[in-house]
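To start, the structure itself, in structure tokens.
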Amino acid sequence: MVSLSAPSFDLSGELILKRTEGSSLSSAARRVSRSATLDGGAVFLDRGYTDADRDLVVSAAGISQADFERATYLLESYSQLLVSTERGLFLCAPVGLRLTDGDLVFNLFVVSKEGA
8 MVSLSAPSFD
18 LSGELILKRT
28 EGSSLSSAAR
38 RVSRSATLDG
48 GAVFLDRGYT
58 DADRDLVVSA
68 AGISQADFER
78 ATYLLESYSQ
88 LLVSTERGLF
98 LCAPVGLRLT
108 DGDLVFNLFV
118 VSKEGA
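Those letters in the sequence shown? Residues 8 to 123, by our numbering.
In structure tokens, the structure reads:
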């Protein structure tokens, strides 16, 4: 299950989805860049790990029209949402939303991991 909610009180500001296999909640990467050097080698700059480099993709099947409208409301009304997953609670920026044959896909950029 994944819960998406407005960061402030809003009676219409919550949506709970039963995620499917198409969801991606556990991607991770370090902030590393590589530059080629004239001698054939490379120089690496490692700025470490941050949750802000993560993207969450929440996919749910068999979504009702009411749930799609609620997801659209959240996307259009809030620049940031609280997203609760089995990996933790995240503050996220909603990026995109689509509905295809009753399957919802919600794309979010992680701003920070809350409570960590």
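Just so it is clear, CB atoms sit at the ideal spot from N, CA and C, and this is done for glycine as well. This structure is a prediction, so every number in the text was calculated from the model and none was measured.
Meets three-Cβ-pair contact criterion under 8 Å: the stretch 10 to 24 and the stretch 37 to 45
no
Please report the residue range of the alpha helix (DSSP H) in which Glu121 lies.
Premise fails: Glu121 lies in the beta strand (DSSP E), 110 to 121, not in any alpha helix (DSSP H).
Which residue wins for smallest C-alpha separation from Val65, given the options Leu106, Gly29, Arg94?
Distance check between Val65 and each of Leu106, Gly29, Arg94 places Gly29 closest, using alpha-carbon atoms only.
Are there three or more Cβ pairs, one per stretch, closer than 8 Å when the stretch 104 to 119 is compared with the stretch 69 to 76?
At 8 Å Cβ cutoff, the stretches touch.
Just to confirm the assignment, what range does the alpha helix (DSSP H) spanning Leu81 have?
Note, Leu81: alpha helix (DSSP H), 72 to 84.
Express the C-alpha separation of Cys99 and Val117 in angstroms, rounding to a whole number.
So the alpha carbons of these two residues sit roughly 4 Å apart.
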